[in-house]
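A quick write-up on the structure given underneath.
Protein chains: 2
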Amino acid sequence: MKVTIKEVAKKVGVSTATVSLVLHGNSRISPETRKRVLKAVEELDYQPSQLARGLVLQRTGNIGFVLTENHFLRTEPFYTRIFLGTEFEARDSSFFILLATIPADFKENDVLPRFIAQKSVDGLIIAGKVPEQFLKRLIPYNLPVVFVDFYPQEGEHSAVLMDNLRGASLATEHLIRLGHRDIAFLAGDIKHPSIRERHLGYRSTLQQYNIPLNPQLEIIDEKTTGKESGFNAVCTLLSRGVKFSALFACNDAMAIGAMECLKKNGYKIPEQVSVVGFDDIESDVFQDPPLTTISVPKYDMGIEAMQLIRSTLENKMRTNKKIIVPVELVVRQSTAPFAR
Amino acid sequence: MKVTIKEVAKKVGVSTATVSLVLHGNSRISPETRKRVLKAVEELDYQPSQLARGLVLQRTGNIGFVLTENHFLRTEPFYTRIFLGTEFEARDSSFFILLATIPADFKENDVLPRFIAQKSVDGLIIAGKVPEQFLKRLIPYNLPVVFVDFYPQEGEHSAVLMDNLRGASLATEHLIRLGHRDIAFLAGDIKHPSIRERHLGYRSTLQQYNIPLNPQLEIIDEKTTGKESGFNAVCTLLSRGVKFSALFACNDAMAIGAMECLKKNGYKIPEQVSVVGFDDIESDVFQDPPLTTISVPKYDMGIEAMQLIRSTLENKMRTNKKIIVPVELVVRQSTAPFAR
DNA sequence: TTGAAAGCGCTAACAC
DNA sequence: GTGTTAGCGCTTTCAA
């Protein structure tokens, strides 16, 4: 809050208008003046006040980043990486990111993040699944919104998503090519669009290879998608007494939990059971064995989201563009050829 | 950016000044007018523009929250919880939090977070250890700063810290009271003030109980304080062939890694070796067994930090207040009485 | 090619 | 008690 445009103008001996014009590359300013202005700006280390700028431009220069509290606190840095990507990209555009969490069970009359209520953001990036109730409350604000790793049930939106279907296919195909036929699928929170897609990818790939679906091999009704759910899912699977030589978990956390349970029950991984996860959470240094998984470019998703909202803001149009980022199979040591 | 103070004023039939005064509780307004103004504000859902307000008040209403990228991405939600506390507290005060990460090896000419360079924050909360180089670069900005879970080598500062010394004492004492005498200490990054204090607490408590220190039992030169360091530390310890029945790791991550290594080598926990951690990261559902540890009120630390910076800002004085938050021993299943 | 001036929405003297 | 008014720092017609 120190050196203002006025002082720059005075130093150069021009009007503030001229300085402003120069700074916005805008128009017909003689190269001579431009140079002198730029020099003064440099020398004085002039930093335009975002406040004043925003006031006249009628924009805050802020983007709200919203996710549920449990997502933010997830042990593996999934959404934090997305956030970092967004933050990084925001540096180039001249936006600031305001982060706020909402309750996972956001209720009709819960209070909205203050930056929304106060209209202190120009747009919103919403990461991960959020309650319908929350989205409903957003409507009157008429803010541009970009979703990341989530797409609401209703309506058309802008979103950055990952290729869940293809990821699940890659994972399943990997196992099939290793010779596995009895491949279990582990999931929870099956209503979540991403999980559902992964489930779908699993099923369609099996069919594509003419492997009959076996409902006994699918555990999809776990409450959560955390480690303990993976653990429990395998317990259930074992209790069913159904034969399986491989296992595709809908995410890494469940895969890790699943491995724990398998190991506890004396199964060798990957010798007796191959395990594939999804997300590549790269958290547990002590994954034992290191998990074969589908890696997701989290950081890039954050970047894409920021670019998307920025272009929405600049063009002042609602494009409802969907960006699907690619995923890839990362083969580590938790999978091996089928050995009977 | 819709309904302004003007419209409120017009609706009530008073001047904008009156509305402004009412809104700031400020004194001599007749209860009658006050009521009418408040009613209009309500009806129109008037939200004061932070931009305009900031412009005249010469404050941005933003607080920068800075930490190193690796801290932000830590698998256990330590700093994220602190951040959440800060965020929560910021709702009451009318501040927004801008989060930025810096490289852990911030170098002299690295670019500062944009909100600092651009003077878009009124103050800074710095969480965790940050490079000296970064702090040096901050000086010219003359911003009020509150440190959380870190205290710079030089100078006097405001900070919110946890009682590391007492925590380490509690942990060590717990083991001693269980009958253990040969208690190992595991640490990395020993130059970090917090780690050093924990080391100190360990040592002084042993001495207090007249247990001679045994350097062979101290592994303090691990590079990091992550799981793999815990794992490695135990490897080293075992290779030394020194006798030990309990182990105090400088944090939970190392404790977990240590347990992995112990289990791999056939040790039963807690029957043969008791393990205590520090931080209570409550991340791994599958801590096996659940870890006895020192719990730290992370969320509260965030709240305290926000309150501290706020009061600094309000009083416009540099108090250099240090707040030490209490820690407590949480006994779970990784510790048991000494059995020879 | 440049400058004057109005005004973005709000606060805070200072009048009345 | 309440209104008038002068900015806060910036952008942007409009004139020159």
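For the protein sequence lines, the chains are A and B, in the order given.
Just so you know, we're using the working numbering here: the first sequence kicks off at 100 and counts up by one.
Just so you know, we're using the working numbering here: the second sequence kicks off at 100 and counts up by one.
Don't be surprised by glycine CBs; every beta carbon is placed ideally from N, CA and C.
As the structure is a computational prediction, the values presented were derived from the model and not from experiment.
List, in chain order, every chain B residue whose beta-carbon is nearer than 9 Å to that of residue i.
{"i": "Q432 (chain A)", "result": "Near Q432 (chain A) there are no residues of chain B at all, since even the closest Cβ is about 16 Å away, more than 9 Å."}
How would you label residue i, buried or exposed, when you count the other beta carbons within 10 angstroms and need 16 or more for buried?
{"i": "I162 (chain A)", "result": "buried"}
{"i": "D204 (chain B)", "result": "exposed"}
{"i": "S338 (chain B)", "result": "exposed"}
{"i": "G356 (chain B)", "result": "buried"}
{"i": "P239 (chain A)", "result": "exposed"}
{"i": "D288 (chain B)", "result": "buried"}
{"i": "D191 (chain A)", "result": "exposed"}
{"i": "Y308 (chain A)", "result": "exposed"}
{"i": "E370 (chain A)", "result": "exposed"}
{"i": "A216 (chain B)", "result": "exposed"}
{"i": "P212 (chain B)", "result": "buried"}
{"i": "L346 (chain A)", "result": "buried"}
{"i": "H298 (chain B)", "result": "buried"}
{"i": "S344 (chain A)", "result": "buried"}
{"i": "V107 (chain A)", "result": "buried"}
{"i": "D379 (chain B)", "result": "buried"}
{"i": "R409 (chain A)", "result": "buried"}
{"i": "G365 (chain B)", "result": "exposed"}
Is the Cβ of residue i closer than 7 Å to any Cβ of chain B?
{"i": "S394 (chain A)", "result": "no"}
{"i": "R439 (chain A)", "result": "no"}
{"i": "R190 (chain A)", "result": "yes"}
{"i": "G254 (chain A)", "result": "no"}
{"i": "T411 (chain A)", "result": "no"}
Using a Cβ cut-off of 7 Å (strictly closer), state whether residue i contacts chain A.
{"i": "R295 (chain B)", "result": "no"}
{"i": "R236 (chain B)", "result": "no"}
{"i": "G222 (chain B)", "result": "no"}
{"i": "F205 (chain B)", "result": "no"}
{"i": "R213 (chain B)", "result": "yes"}
{"i": "L154 (chain B)", "result": "yes"}
{"i": "T179 (chain B)", "result": "yes"}
{"i": "Q386 (chain B)", "result": "no"}
Are the CB atoms of residue i and residue j nearer to each other than 7 Å?
{"i": "A139 (chain A)", "j": "V111 (chain A)", "result": "yes"}
{"i": "G310 (chain B)", "j": "A286 (chain B)", "result": "The question names Gly, but residue 310 (chain B) is Ile in the sequence shown. Going by C-beta atoms, I310 (chain B) is not nearer than 7 Å to A286 (chain B)."}
{"i": "L223 (chain B)", "j": "V247 (chain B)", "result": "no"}
{"i": "M353 (chain A)", "j": "S373 (chain A)", "result": "no"}
{"i": "G376 (chain B)", "j": "D351 (chain B)", "result": "yes"}
{"i": "T391 (chain B)", "j": "V430 (chain B)", "result": "yes"}
{"i": "A435 (chain B)", "j": "T185 (chain B)", "result": "no"}
{"i": "G300 (chain B)", "j": "L264 (chain B)", "result": "yes"}
{"i": "H60 (chain B)", "j": "F437 (chain B)", "result": "The structure shown has nothing for residue 60 (chain B), since chain B only spans 100 to 439."}
{"i": "I104 (chain A)", "j": "T115 (chain A)", "result": "yes"}
{"i": "L166 (chain A)", "j": "G254 (chain A)", "result": "no"}
{"i": "E317 (chain B)", "j": "A332 (chain B)", "result": "no"}
{"i": "L160 (chain B)", "j": "F214 (chain B)", "result": "According to the sequence shown, residue 160 (chain B) is Gly rather than Leu. No. Outside cutoff."}
{"i": "D445 (chain A)", "j": "I368 (chain A)", "result": "Since the displayed chain A opens at 100 and closes at 439, residue 445 (chain A) lies outside it and no answer follows."}
{"i": "R180 (chain B)", "j": "K397 (chain B)", "result": "yes"}
{"i": "E496 (chain A)", "j": "T200 (chain A)", "result": "Since the first residue shown for chain A is 100 and the last is 439, residue 496 (chain A) is missing from the structure and cannot be characterised."}
So does residue i have its beta carbon nearer than 6 Å to some heavy atom of the ligand GDP?
{"i": "S148 (chain B)", "result": "No copy of the ligand GDP appears in this structure; indeed no ligand is present at all."}
For the beta strand (DSSP E) containing residue i, list its first residue and its last residue.
{"i": "E427 (chain A)", "result": "427-429"}
{"i": "N331 (chain B)", "result": "Note, N331 (chain B): premise wrong, no beta strand (DSSP E); alpha helix (DSSP H) at 326-339."}
{"i": "K218 (chain B)", "result": "Element bounds for K218 (chain B): n/a, residue is neither H nor E."}
{"i": "V244 (chain B)", "result": "244-247"}
{"i": "N161 (chain A)", "result": "161-167"}
Give the residues of chain B in contact with residue i, contact being defined as C-beta atoms less than 7 Å apart.
{"i": "P176 (chain A)", "result": "L172, T174"}
Just to make sure I have the definition right: I need the residues of chain B whose C-beta is within less than 8 Å of the C-beta of residue i. Which are they?
{"i": "F195 (chain A)", "result": "N161, L197, R213, F214, S219"}
{"i": "E186 (chain A)", "result": "L198, A199, T200"}
{"i": "Q146 (chain A)", "result": "A216, Q217, K218"}
Going by DSSP, what residue range makes up the alpha helix (DSSP H) through residue i?
{"i": "V136 (chain B)", "result": "130-143"}
{"i": "V229 (chain A)", "result": "First-last for V229 (chain A): undefined, no H or E at that position."}
{"i": "E296 (chain B)", "result": "292-307"}
{"i": "A203 (chain B)", "result": "That residue, A203 (chain B), is in no alpha helix (DSSP H); it is neither H nor E in DSSP."}
{"i": "N414 (chain B)", "result": "397-414"}
{"i": "P253 (chain A)", "result": "Going by the sequence as given, residue 253 (chain A) is Glu instead of Pro. Taken as a continuous stretch (DSSP letters only), E253 (chain A) belongs to no alpha helix (DSSP H), as it is neither H nor E."}
At 7 Å on the CB atoms, spell out the chain A contacts of residue i, in chain order.
{"i": "A151 (chain B)", "result": "L154"}
Give me the chain A residues within the contact set of residue i, using Cβ-Cβ distance strictly less than 9 Å, ordered along the chain.
{"i": "L183 (chain B)", "result": "E168, F171, L172, T200"}
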